[in-house]
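Undergrad: Sharing a structure, written as structure tokens. Questions coming.
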Amino acid sequence: MRNKLSFKYISVVLILFILVSVVPMAVYAANSPDASIIKNVEITGVHTPYAGYRPDYGSRLGSTSYTYDDQLKDDPDVYNGKWWYDETEQRAISPSETFKIGHTYTFCILLVPVDGYEFRVDNYNTPFISATVNGEEADVLDDLTGKYQAFIEYTFEPCDYNYEITKVEVNVEEPVAGGYPKFDAEILTPGVAKDETESPFCIESVAWYDCVNQTFLDPSHTFKEDGIYEANIYLTTLGDYYFSTNNDMTDVNVTINGKEGVASTGGKNDKYHIRVSCVVFGDIREEVNSVEITDIKAPAIGDNPDFTATPVGNSFYINGVFWTDITNSTEVNVNETDTFEAGHKYELQIWIRANENYKFRTDEDGYVDVSAVVNGEQAEVVPLGSEISAEITCEFTMPQPVVIDTAKVTQVTPPVAGKKPSFSAFAYTDGMEITEVKWYDDTDNAGTELTADSAFVEGHTYRVVVSLKTLAGHKFLWYDGYNEAEGFINGEKAIVYGSHEDDSLELGFVFAPCAEVPVTEPSNPIEPPSPTSPTEPDNSTNPTIPTDPAGTTAEPDVSTSTEATEPKTSASEDEEKPTKPSTNDEPKPTDPVEDRGVLGDVNGDDKVNIKDATLIQKSAAKITVLTDVENLRADVNGDTKVNVKDATAIQKYAAKIETGFHIGKPV
Numbered sequence: 051m052r053n054k055l056s057f058k059y060i061s062v063v064l065i066l067f068i069l070v071s072v073v074p075m076a077v078y079a080a081n082s083p084d085a086s087i088i089k090n091v092e093i094t095g096v097h098t099p100y101a102g103y104r105p106d107y108g109s110r111l112g113s114t115s116y117t118y119d120d121q122l123k124d125d126p127d128v129y130n131g132k133w134w135y136d137e138t139e140q141r142a143i144s145p146s147e148t149f150k151i152g153h154t155y156t157f158c159i160l161l162v163p164v165d166g167y168e169f170r171v172d173n174y175n176t177p178f179i180s181a182t183v184n185g186e187e188a189d190v191l192d193d194l195t196g197k198y199q200a201f202i203e204y205t206f207e208p209c210d211y212n213y214e215i216t217k218v219e220v221n222v223e224e225p226v227a228g229g230y231p232k233f234d235a236e237i238l239t240p241g242v243a244k245d246e247t248e249s250p251f252c253i254e255s256v257a258w259y260d261c262v263n264q265t266f267l268d269p270s271h272t273f274k275e276d277g278i279y280e281a282n283i284y285l286t287t288l289g290d291y292y293f294s295t296n297n298d299m300t301d302v303n304v305t306i307n308g309k310e311g312v313a314s315t316g317g318k319n320d321k322y323h324i325r326v327s328c329v330v331f332g333d334i335r336e337e338v339n340s341v342e343i344t345d346i347k348a349p350a351i352g353d354n355p356d357f358t359a360t361p362v363g364n365s366f367y368i369n370g371v372f373w374t375d376i377t378n379s380t381e382v383n384v385n386e387t388d389t390f391e392a393g394h395k396y397e398l399q400i401w402i403r404a405n406e407n408y409k410f411r412t413d414e415d416g417y418v419d420v421s422a423v424v425n426g427e428q429a430e431v432v433p434l435g436s437e438i439s440a441e442i443t444c445e446f447t448m449p450q451p452v453v454i455d456t457a458k459v460t461q462v463t464p465p466v467a468g469k470k471p472s473f474s475a476f477a478y479t480d481g482m483e484i485t486e487v488k489w490y491d492d493t494d495n496a497g498t499e500l501t502a503d504s505a506f507v508e509g510h511t512y513r514v515v516v517s518l519k520t521l522a523g524h525k526f527l528w529y530d531g532y533n534e535a536e537g538f539i540n541g542e543k544a545i546v547y548g549s550h551e552d553d554s555l556e557l558g559f560v561f562a563p564c565a566e567v568p569v570t571e572p573s574n575p576i577e578p579p580s581p582t583s584p585t586e587p588d589n590s591t592n593p594t595i596p597t598d599p600a601g602t603t604a605e606p607d608v609s610t611s612t613e614a615t616e617p618k619t620s621a622s623e624d625e626e627k628p629t630k631p632s633t634n635d636e637p638k639p640t641d642p643v644e645d646r647g648v649l650g651d652v653n654g655d656d657k658v659n660i661k662d663a664t665l666i667q668k669s670a671a672k673i674t675v676l677t678d679v680e681n682l683r684a685d686v687n688g689d690t691k692v693n694v695k696d697a698t699a700i701q702k703y704a705a706k707i708e709t710g711f712h713i714g715k716p717v
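As numbered in the working numbering, residues 51 to 717 make up the sequence shown, in order.
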């Protein structure tokens, strides 16, 4: 176990061990069928550790299906299941300490599922979930993660000072009608100072602009009662500080005299030089009552989300497009590489911002009050308490997936001695595709996989395995955590290998022992007898058959003429003669029935125990491949599928619990 888990965290492992000891073994064969499975964990809002700052324990969970584990609530270094670990000093730090320059820190989180949920695990109770922190991939610790607890950690870059400036606050002297402009500014943000500029309108890096007359002011001008004036201040950073940028353009929030302003380029590198401006006297912005957005692609099952949109008109611009999966009342961010899933519900969020000289209509409480249309459909406007920004939202519900209950695969070429295996097949059922075809030589239970250079051998037994994947908008029949779809290969009932996913399936089929290429024509065809064949009876030697007065032919005395009158037939003619049914009532001897072993004794050691259940679990996990006979012995519930259900039944049998199946009896 890793050093960061000091002795006080060993209790976590002990608690998990106690949980394992009281849960029946069958639970660990797979997730409980009556629980919803958590596959992904998302944590956001974790603050980057900066030198000189104290640890921040704030974070947000991306789903309500899991929450923070409070079992370490009495530990002074742990807050609500979270703590910070100093990788440099190899110890947990307390909330009263401060981050040190150059040290590397890891944020640790303990999570537990809420009632009705479990974290996904494989057949060996090994964690099978993914996790992100602030959108970045995080580590899931194998030694402390199971169905009922997850230990997530994320390591930040070596600690540095917070030199990035994301917000600038400036004050200027308010204009007064009849007064002269003051070319001075008070910088309230540390690390920021007035910048030098060559603009002839600037004095001490400050410029006043008359928005009505569209001219800059000089010290001799006076402010008019009905005028509108904008303050412009050129700023630069000090020391190691720098302004926040996005795509090499300034991305700084600005406040001038308590009003929201705008940051723009200062004519130099935007990382170190910007110009901030704000109308501090009067208002000439045109009020916008409605907005329209077009050219965003509506979601369709299997498609990637569209993050582009076009504003209609020049009164506003798009400040950001976001997609969120809100299925089951949870909110999960949707990325560009994600696809829309059937049956899910999605929310589109479009953030807009008014262009210069425009503002959105607001109500009496100061909240945006405009109507919005997206792609011709009415949308909802979320007021943000600002007259220059708003959020537009739309909801989309994807149709439920089409359920595939029978998967049919055709055009699988049967094995023929001397031929090479064909790895092609045809997905006959709509809504699915073939991802892989494999061949195995199951002779003597070998289960050897064939390659493209292999050749079928006469007398050997071969099994084909076809892997299937559903197309967008489809899923295989799935019930209680198990795949229940039937499968057919070349019209024959196939083995369906169990799967815990409703979008994948594997079909297997065992062919009869391999034969040589069939001969379509005999090498020496038999000529039909000619009309003058010597088999014709010689009437000159046959006795004359008299005719009685009634016109019927009398039976001849065959005691002396049978040999001469019965024509000899060829072997082919003998085969065509019908065989009379036997009058002997005694049963004929039959071939002995093949001994297939005992139901449940998968490994053939004449015992039905936990080893057989483990072998089934390995088969379901594709760690090993069962032979045809082993599959027969493993399918204890008789549903033609070998999966965790069969393993569970064998575990119950080993524990002397009634199963209702013929486990332990001959197959």
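All residues carry an ideal CB built from backbone N, CA and C; glycine is no exception.
Predicted model only: the values in this text are computed from it and were never measured.
DSSP on A475, reduced to helix/strand/coil?
TA: Of the three classes helix, strand and coil, the one that applies to A475 here is coil, per DSSP.
Undergrad: Below 8 Å between beta carbons: does that hold for T300 and S314?
TA: Yes; because the gap between Cβ atoms is below 8 Å, this pair is in contact.
Undergrad: Just reading off the alpha helix (DSSP H) that K217 is part of, what are its end residues?
TA: Premise fails: K217 lies in the beta strand (DSSP E), K217 to N221, not in any alpha helix (DSSP H).
Undergrad: Give the DSSP-derived three-state secondary structure of I666 in the structure shown.
TA: Three-state DSSP puts I666 in a helix.
Undergrad: Taking the beta strand (DSSP E) that R683 falls in, what are its first and last residues?
TA: Not the beta strand (DSSP E): R683 falls in the alpha helix (DSSP H), residues D678 to A684.
Undergrad: Where DSSP assigns a beta bridge to A243, which residues make up the other side?
TA: Note: A243 sits in a beta bridge opposite T286.
Undergrad: With burial defined as no fewer than 16 other Cβ atoms inside 10 Å of the residue's Cβ, what is the status of K89: buried or exposed?
TA: Flag for K89 reads exposed.
Undergrad: Where do the N-terminal and C-terminal ends of the alpha helix (DSSP H) with A227 fall, by residue?
TA: Taken as a continuous stretch (DSSP letters only), A227 belongs to no alpha helix (DSSP H), as it is neither H nor E.
Undergrad: First and last residue of the beta strand (DSSP E) that includes V162?
TA: V162 -> beta strand (DSSP E) spans Y155 to P163.
Undergrad: With V514 and F559 assumed to form a contact (beta carbons below 8 Å), what rounded beta-carbon distance in angstroms separates them?
TA: 5 Å between Cβ atoms; contact.
Undergrad: Kindly indicate which residue of I673, C158, L527 and K672 has the alpha-carbon position closest to the one of A188.
TA: Ranking the options by Cα distance to A188, first place goes to C158.
Undergrad: Where do the N-terminal and C-terminal ends of the beta strand (DSSP E) with I202 fall, by residue?
TA: Here the beta strand (DSSP E) through I202 covers A200 to T205.
Undergrad: Taking only runs that begin and end inside the stretch 410 to 437, name each unbroken beta strand (DSSP E) of 3 or more residues, in chain order.
TA: The stretch 410 to 437 contains these whole beta strand (DSSP E) runs: 421 to 424 and 427 to 433.
Undergrad: Residues in its own chain within less than 7 Å of G289 by CB, not counting five upstream and five downstream?
TA: Hits under 7 Å: G241.
Undergrad: Any idea what DSSP makes of Q701, helix, strand or coil?
TA: If DSSP states are grouped into helix, strand and coil, Q701 belongs with the helices.
Undergrad: Give me the Cβ distance between R325 and N407, rounded to the nearest whole Å; I'm assuming they're in contact under 8 Å.
TA: Not confirmed; about 17 Å, so no contact.
Undergrad: Tell me whether D494 sits in a helix, a strand or coil according to DSSP, three-state version.
TA: Helix at D494.
Undergrad: Buried or exposed: P471, going by 16 or more other Cβ atoms within 10 Å of its Cβ?
TA: By the neighbour-count rule (16 or more Cβ atoms within 10 Å), P471 is buried.
Undergrad: CB-CB under 8 Å to L238, same chain, minus the five flanking residues each way: which ones, in chain order?
TA: Taken in chain order, the residues that qualify are E219, V220 and N221.
Undergrad: Taking Cβ positions, are D249 and A257 nearer each other than 8 Å?
TA: Checking the sequence, you will find Ser at residue 249 rather than Asp. Yes, the Cβ-Cβ distance between S249 and A257 is below 8 Å.
Undergrad: Alpha carbon to alpha carbon, how far is A699 from V717? Give it in angstroms, no decimals.
TA: The straight-line gap from Cα to Cα measures roughly 16 Å.
Undergrad: In terms of DSSP beta bridges, what is C328 paired with?
TA: Answer is A281, bridged to C328.
Undergrad: To the nearest angstrom, how far is it from the Cα of S365 to the Cα of T447?
TA: Computed Cα separation, rounded: 31 Å.
Undergrad: To which residues does DSSP link L314 through a beta bridge?
TA: Just to set this straight, residue 314 is Ser in the shown sequence, not Leu. DSSP, once it has assigned bridges, lists R325 as partnering S314.
Undergrad: For A350 and F390, which I take to be in contact (beta-carbon distance under 8 Å), what is that distance rounded to the nearest angstrom?
TA: Confirmed, Cβ separation roughly 6 Å.
Undergrad: Could you tell me which residues DSSP pairs with R141 in its beta bridges?
TA: Beta-bridge pairing links R141 to D136.
Undergrad: Please state whether DSSP places N533 in a helix, a strand or coil.
TA: Of the three classes helix, strand and coil, the one that applies to N533 here is strand, per DSSP.
Undergrad: Can you tell me whether N297 is buried or exposed, with buried defined as 16 or more other CB within 10 angstroms of its CB?
TA: The residue in question, N297, is exposed, as its Cβ has fewer than 16 Cβ neighbours within 10 Å.
Undergrad: May I ask whether a heavy atom of the ligand ZN can be found less than 7 Å away from the beta carbon of K672?
TA: With respect to the ligand ZN, the structure shown offers nothing to examine, as it has no ligands at all.
Undergrad: Straight-line CA distance for G509 to D530?
TA: Roughly 41 Å separates the two Cα atoms.
Undergrad: Thinking C-beta only, is V164 closer than 8 Å to S109?
TA: No, the Cβ-Cβ distance between S109 and V164 is not below 8 Å.
Undergrad: Count the other C-beta atoms from every protein chain shown that fall within 10 angstroms of the C-beta of T216, then say buried if there are 16 or more, exposed otherwise.
TA: Exposed, because fewer than 16 other Cβ atoms sit within 10 Å of the Cβ of T216.
Undergrad: Give every residue of the same chain whose Cβ lies closer than 6 Å to the Cβ of D356, excluding the five residues on either side of it in the sequence, and list them in chain order.
TA: Result list for D356: I346 and K347, in chain order.
Undergrad: Expressed to the nearest angstrom, what Euclidean distance is found between the alpha-carbon atoms of L398 and L649?
TA: Computed Cα separation, rounded: 55 Å.
Undergrad: In whole angstroms, give me the CA-to-CA distance for S113 and N383.
TA: About 10 Å.
Undergrad: Determine, using beta-carbon pairs with one atom in the stretch 650 to 662 and one in the stretch 535 to 547, whether at least three such pairs fall under 8 Å.
TA: Verdict: no, contact absent.
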